[in-house]
Each structure stands twice: as structure tokens, then as C-alpha cells.
Amino acid sequence: MRSKEQGFTFIEVLAVLSIIAIASLGTLVLRDWAVGNARVSEAKNLITTLQAGAQMWKPASGEFTGISMTELSSIGAVPADWADGIGKNPWGGDI
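Taking the UniProt record's numbering, the leading residue of the sequence shown gets 1, the next gets one more, and so forth.
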């Protein structure tokens, strides 16, 4: 009588590795989605701050001509580090 060899078959190992690969890929996709959503939320906050600052600056005429980041920063309408106009957005570009 032949004794049965013990161990895993190639198909079993392949199935386990496939499951691990799919789970890892799913985790990476979810992480990228979460990071993207966080960046969008941060950008929305920056835009809201800028809009509120522009409303504070708005002259009696109601026209927004002549507005600048330096002007908004000088009246405290936006953070001081935005004064030079080259602050970074969530994707690394200028504000």
C-alpha cells in the first residue's frame, strides 16, 4: 500500500496566494480613495477660508477688483503664510 504524502497541493497554495493578493489590492485601493477624499476636503476648507476672507475685504462698491493675497493677509482675512500667494494646496500646487 502506498502511503499518502502530506503537504499542500500547488492549487491550494495558488488559491491562498490569490486571496492574499486580492485582499492587498483592495486595501491599496481603499487607502488611495481615503487619501483622495481627505485632500478634497482640505481643498474645500481652503476655498471656504479664501471666500470668507474676500467677503471681509469687499469694499462698499461690491466689486472685487484689486484684491490680493497680501491685502487679505494684512487685514487678517486669511492666514499670514498665504500673503506671498504661494502656499501649498493638498496636491502640492500653489494656492
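C-beta: ideal position from N, C-alpha, C; glycine also. Source: prediction; values computed, not measured.
Report yes if the C-beta distance between Gly-92 and Leu-72 is below 8 Å; otherwise report no. no
Is the CB-CB distance between Asn-89 and Leu-46 below 8 Å? yes
Considering Phe-10, what are the terminal residues of the alpha helix (DSSP H) in which it resides? 10-57
Evaluate Met-56 with the Cβ neighbour count: other Cβ atoms within 10 Å of its Cβ, from every protein chain shown; 16 or more gives buried, anything less gives exposed. exposed
Rounded straight-line distance, which links the Cα of Gln-51 to that of Phe-64: 11 Å
Terminal residues of the continuous alpha helix (DSSP H) containing Ser-74? 69-74
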